[in-house]
Amino acid sequence: MSAVFILCILVAFSVWTVNGKNQQPQPEDTGIPVRATREADVCLACKKALNYVKENTGQNPSESKLKTTLGRACSSEGKLFQTCKDFVKQHRQALLRDLQTTDNVTKICVKEGACNGVSKNRHF
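In this note's numbering, the protein residues as written are 39 to 162.
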């Protein structure tokens with residue numbers, strides 16, 4: 039009798055674990071529109087990529103140093119890798135130009151349409 043009871047508990051726990059507790063909420067489950075989540079991801083990916091470039095190029099970097107570093111900027115982005123890669127690919131020339139100014143990362147990401155503000159070329 040106790041073996042059957044333990045077996046029932048194990049089966050119930052397994053079903054609960056698989057079907058409920060361990061599922062990550064999807065954007066549509068959180069009440070946040072998918073578009074808003076994507077826009078936040080693009081903004082975060084832009085900021086992380088540009089921070090990486092600024093931290094790894096120093097003061098007055100050459101254009102070739104910026105190109106090389108920007109090419110590696112998305113490699114450590116994990117779940118944002120593809121978003122980062124797509125954004126950098128589409129905005130590469132503008133980002134290289136903007137990184138040679140004194141503009142901060144947030145200003146550049148807003149200017150290029152990754153973060154809230156006046157958007158530019160949002161199609162990627």
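Beta carbons: idealized from backbone N, C-alpha and C, even for Gly.
Quick caveat, the model's predicted, so the values are computed rather than measured.
Does the Cβ-Cβ distance between C81 and A152 come in under 8 Å? yes
If you scan the region 72–148 from start to end, which runs of the alpha helix (DSSP H) of 4 or more residues do you find wholly inside it? 72–95, 101–110 and 119–136
Under the three-state DSSP convention, the category A152 falls into: coil
Can you give the Cα-Cα distance for K117 and S40, rounded to whole angstroms? 45 Å
Please look up how many angstroms separate the CB atoms of L134 and K103, rounded, as I've assumed it's under 8 Å. With a Cβ gap of about 11 Å, L134 and K103 do not count as contacting.
Which one of K92, S113, T75 and K86 has the shortest CA to CA distance from Q175? The structure shown has nothing for residue 175, since the chain only spans 39 to 162.
Distance CB(A78)-CB(A111) smaller than 8 Å: no
Top-ranked residue by Cα proximity to K127, from V143, T144, E150 and D141: E150
Between K123, H129 and R130, which lies nearest to A83 when the distance is taken from Cα to Cα? K123
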